[in-house]
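> Provided herewith is a single structure, encoded as structure tokens, for subsequent inquiry.
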Amino acid sequence: MNDHVSIWAELADVDHELRHVDVGGVRTRVLRAGAGPDLVLLHGTGGHLEAYARDIAGLARTFRVTAYDMVGHGWSDLPDTPFTVDVLSDHLLGLMDELGISSAHLSGESLGGWVVAWTAAHHPERVQRIVLNTPGNITNKPEVMKRLVASTTAAVEDPSDATVRARVAWLFHDKDMVTDELVDLRRAVYTRDGFRRAVDNILVLQDPVTRARFGWDPSWVGRITAPTLLLWTDHDPTGGLDEAQMLLDWLPDGRLHVITGAGHWPQWEKPGEFVEQHETFLLTVHTPVTAVRA
């Protein structure tokens, strides 16, 4: 059953602030709500902060939530530079600096999860605990990369209802949850001035040569000291539970939770479970998995 009415309805009774912050010259759109430990949410490839519209009210009960449009995404600035994982990580850290966040819990979906993991490996002092939400294509499958490039490029070059709806629907297991509002919002992003160039800079990570510089690998994943929750689903179009297990084996302190009946956006399809998992993992007394296994 889809009980979602609209993005505004999800936020209507939530005290929040939506503004732009200058991050090293990049005008960055930010939504903040709640009070408590800092939790920063990162969306996926070509996405925007509304990806978390269904979760902010729940998370804001316990956390000071920050959701934002990554550089080159949403309504943040679109500089003409490849948006590789290190660039996106530097933008995240710059935003945290501007907001006065010395360290935080980080939760990222798809590309956002990749950025979160990279940040945790290379800047551990800025990270408390992390959630990697359907981080996507851990084994660098060419067919997944080609499909993402083709569907995203088609929707940007021809932002008709059909092409944009197809791109959004790819994220969902239950296609009935794809609303006109969500399609229209994504179309508004895709038709921004300069976004055709920006999408090429976003999709560089789907190029095998570029991706090889940042691809998931135990050499850097094994450096993540932050306690880590892997949120996977049973219908993720980018990778199965075999990839989740591979990543789990690389992580020094990781655990896995599988959300059933969801695709690549469990935060939208199963918001109650998504929020509950964050509360449970981020707030409970932590027992390292390594100690349990020993």
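Residue numbering for the sequence shown follows the UniProt record's numbering, starting at 1 and increasing by one per position. Where a beta carbon is used, it is the ideal one built from N, C-alpha and C, also for glycine.
1. With a CB to CB cut of under 6 Å and the five nearest residues on each side skipped, what residues in its chain are close to residue 75?
2. For residue 129, I'd like the list of residues in its chain whose CB is within less than 6 Å of its CB, leaving aside the five on either flank, ordered along the chain.
3. Going straight from the alpha carbon of residue 247 to that of residue 198, what length do you get?
4. Taking DSSP's pairing of strands, which residues face residue 67 in a bridge?
5. If we ignore side chains and look at the alpha-carbon of each, how far apart do residue 178 and residue 169 end up?
6. Where do the ends of the beta strand (DSSP E) carrying residue 245 lie?
7. What is the residue span of the beta strand (DSSP E) that residue 105 lies within?
8. Give me the Cα-Cα distance between residue 32 and residue 55, rounded to the nearest whole angstrom.
9. So, is residue 291 buried or exposed, given that buried needs 16 or more other C-beta atoms within 10 angstroms?
10. Sort out for me which residues DSSP pairs residue 228 with in a bridge.
11. Taking only the alpha-carbon atoms, compute the straight-line gap between residue 154 and residue 207 and give it to the nearest angstrom.
12. Among 20, 135, 259, 191, which one has its Cα closest to the Cα of residue 45?
13. Helix, strand or coil: how does DSSP classify residue 260 here?
14. Flag this pair as yes or no: are the beta carbons of residue 67 and residue 268 separated by less than 8 Å?
15. Can you tell me which residues form a DSSP beta bridge with residue 19?
16. Would DSSP call residue 233 helix, strand or coil?
17. Alpha carbon to alpha carbon, what distance is there between residue 116 and residue 65?
18. Kindly give me the distance between the Cβ atoms of residue 256 and residue 230, rounded to whole angstroms, as I take these residues to be in contact under 8 Å.
19. How is the alpha helix (DSSP H) around residue 136 delimited, first residue to last?
20. Hey, could you find the ends of the alpha helix (DSSP H) residue 283 is sitting in?
21. How about residue 272: is its C-beta nearer than 8 Å to some C-beta of chain D?
22. Out of curiosity, what's the CA-to-CA distance linking residue 96 and residue 102?
Here's the rundown:
1. Correct list, in chain order: 29, 69.
2. Around residue 129: 105, 226, 227, 282.
3. As the crow flies, the alpha-carbon of residue 247 is around 30 Å from that of residue 198.
4. Paired residues: 31, 41.
5. In this structure, the straight-line span from the alpha carbon of residue 178 to that of residue 169 is close to 6 Å.
6. In this chain, residue 245 is not harboured by any beta strand (DSSP E); it is covered by the alpha helix (DSSP H) spanning 241 to 250.
7. Per DSSP, the continuous beta strand (DSSP E) segment holding residue 105 begins and ends at 104 to 109.
8. The alpha-carbon atoms of residue 32 and residue 55 are separated by roughly 12 Å.
9. Reliability fails at residue 291, whose pLDDT of 42 lies under 50, so the model's placement of it is uncertain and the value that follows must be treated cautiously. For residue 291, the number of other beta carbons within 10 angstroms of its own is below 16, and it is reported as exposed.
10. Paired residues: 130, 254.
11. If I take the Cα positions, the gap works out to 17 Å.
12. Ranking the options by Cα distance to residue 45, first place goes to 135.
13. DSSP places residue 260 in coil when its eight states are reduced to three.
14. No, these two residues do not count as a Cβ contact at 8 Å.
15. Note: residue 19 sits in a beta bridge opposite 30.
16. DSSP places residue 233 in strand when its eight states are reduced to three.
17. Whole-angstrom Cα-Cα distance: 15 Å.
18. Between residue 256 and residue 230 the beta-carbon gap is near 5 Å, inside 8 Å, which marks them as a contact.
19. That residue, residue 136, is in no alpha helix (DSSP H); it is neither H nor E in DSSP.
20. Unbroken alpha helix (DSSP H) run through residue 283: 271 to 283.
21. Included in the structure is just one protein chain, with no chain D present.
22. Across the structure, residue 96 and residue 102 are spaced so that their CA atoms are roughly 7 Å apart.
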